[in-house]
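Encoded as structure tokens, the structure appears first; notes follow it.
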Amino acid sequence: MSVIYVEITATRGSAPRDAGTVMAVTAEGTQGTIGGGALEYRAIAMAREMLADGVAAHEETVPLGPALGQCCGGSVWLRFGRDPRFVDLDQFLPPLPPMAPGAATAPLWIWGAGHVGRAVARLAAPHGAFDLTWIDTGEARFPVSQPQKITCLPCPDMPRLAHHAPQNAHHLIFTYSHEIDFALCAALLARPFASCGLIASATKKARFYKRLRAMGLDPARLTSPIGDPARGKHPDLIAHSTLTALLKNGVPADDSARDPRTAIA
1 MSVIYVEITA
11 TRGSAPRDAG
21 TVMAVTAEGT
31 QGTIGGGALE
41 YRAIAMAREM
51 LADGVAAHEE
61 TVPLGPALGQ
71 CCGGSVWLRF
81 GRDPRFVDLD
91 QFLPPLPPMA
101 PGAATAPLWI
111 WGAGHVGRAV
121 ARLAAPHGAF
131 DLTWIDTGEA
141 RFPVSQPQKI
151 TCLPCPDMPR
161 LAHHAPQNAH
171 HLIFTYSHEI
181 DFALCAALLA
191 RPFASCGLIA
201 SATKKARFYK
211 RLRAMGLDPA
221 RLTSPIGDPA
231 RGKHPDLIAH
241 STLTALLKNG
251 VPADDSARDP
261 RTAIA
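In terms of UniProt numbering, the sequence shown has 250 at position 250, counting the first letter as 1, and numbering is strictly consecutive.
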């Protein structure tokens with residue numbers, strides 16, 4: 001099978017993954033991630049163009065700015081090649097903390113079905129502590145094989161589902177678009193919730209918070225970044241540390257809300 005390996009060789013400023021991160025791209029799929037979102041989408045397209053044209057190597061500098069619909073403000077240097085240096089990034093993860101005795105399941109709304117969203121869904125589904133709702137803009141965004149016990153909602157206008165969430169819901173935001181992320185933050189901050197986490201660089205966080213304050217909203221209610229930065233930027237590590245924090249902080253009492261599926265019927 002023909003493979004192009006995409007490596008982050010250097011970064012400047014805020015970047016989704018560190019130098020040395022590698023992803024493998026074939027005509028049929030990918031393994032690993034260089035951070036998801038528009039950067040990864042562009043890298044995959046370039047790698048597949050190389051596969052189709054028979055190109056052996058390529059290097060590119062990608063500014064993480066408006067051209068990609070991002071506001072991180074950093075830059076990433078990418079190396080594309082056929083050198084089989086890809087290493088499986090799966091890492092040992094300890095079990096998630098157990099539910100407290102007698103605790104009720106908590107609504108957890110996962111906004112985005114990229115690498116981090118998939119990692120959260122995969123780890124949270126078998127645990128049993130969360131009533132999971134997973135939202136993205138279309139069915140094709142979700143994995144073909146989805147974890148059980150998850151309500152998947154494809155919705156082109158994701159923010160309009162926000163008011164259907166229970167008031168005790170936890171929210172985790174990591175869509176492929178900074179503008180969708182922002183619209184979700186604004187929609188959720190206009191109503192009660194248990195917690196709301198946003199994956200963001202320092203630049204993205206600062207710009208979001210400034211815009212939210214200008215709208216009369218309180219961004220201090222958000223948690224950003226999410227996960228434990230000391231553990232690294234691998235999606236599984238972000239997902240594991242984020243879920244661990246939610247479980248250790250406990251879950252609120254039960255609440256009710258309209259079925260979000262009625263909003264997209």
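C-beta atoms are modelled at their ideal positions from N, C-alpha and C, and glycine is treated no differently.
All values derive from a computational prediction rather than experimental measurement.
What are the start and end residues of the beta strand (DSSP E) that includes residue i?
i      : result
Met46  : Looking at the DSSP string, Met46 is not in any beta strand (DSSP E); the run it does join, the alpha helix (DSSP H), is Gly37 to Asp53.
Leu198 : Ser195 to Leu198
Val25  : Val22 to Val25
Ala106 : Ala106 to Trp111
Asp136 : Phe130 to Asp136
Leu172 : His170 to Ile173
Starting from residue i, trace the alpha helix (DSSP H) both ways and give me its first and last residue.
i      : result
Ile180 : His178 to Leu189
Thr203 : Ala202 to Ala214
His115 : His115 to Ala124
Tell me the DSSP secondary structure of residue i in three-state form.
i      : result
Val251 : Legend: pLDDT at Val251 = 49, less than 50; position of this residue unreliable, value from coordinates given subsequently. Of the three classes helix, strand and coil, the one that applies to Val251 here is coil, per DSSP.
Gly81  : strand
Thr151 : strand
Ala57  : strand
Thr33  : coil
Ile226 : coil
Asp90  : Interpretation of Asp90 is limited by its pLDDT of 40, a score under 50 that renders its predicted location unreliable; no figure is taken from the coordinates.
Ala257 : Confidence at Ala257 is low in this model, with a pLDDT of 47, below 50, so its placement is unreliable and the value that follows should be read with caution. Coil at Ala257, not helix or strand.
With DSSP as the reference, please indicate the residues paired to residue i in a beta bridge.
i      : result
Val76  : Thr11 and Val62
Ile238 : DSSP output for Ile238 lists no bridge partner at all.
Val144 : None; Val144 has no bridge partner.
Going along the chain, which residues of its own chain have a beta-carbon closer than 7 Å to the beta-carbon of residue i, five neighbours each way excluded?
i      : result
Ala202 : Ser14
Cys185 : Ile173, Leu198, Phe208, Leu212 and Leu222
Ala125 : Leu132, Pro147, Gln148, Lys149 and Ile150
Pro235 : Thr33, His115, Val116 and Ala119
Is residue i close to chain B, meaning its C-beta is less than 9 Å from at least one C-beta of that chain?
i      : result
Leu212 : In summary, chain B is missing from the structure at hand, where a single protein chain is found.
Whose C-beta lies closer than 8 Å to the C-beta of residue i among residues of the same chain, with five residues either side of it excluded?
i      : result
Arg122 : Pro147 and Ala239
Relative to the ligand COA, is the shortest distance from any of its heavy atoms to the C-beta of residue i smaller than 8 Å?
i      : result
Cys185 : Ligands in the displayed structure: none, and consequently the ligand COA is not present.
Stretch pair the region 149-161 + the region 128-139: three plus CB contacts closer than 8 Å: Using a C-beta cut-off of 8 Å, the region 149-161 makes contact with the region 128-139, since at least three inter-stretch Cβ pairs fall below that distance.
Given 8 Å, three or more beta-carbon pairs between the region 239-246 and the region 211-219: In short, these stretches do not touch, since the Cβ pair count stays below three.
Stretch pair the region 113-120 + the region 32-39: three plus CB contacts closer than 8 Å: With the cut-off at 8 Å, the region 113-120 and the region 32-39 touch.
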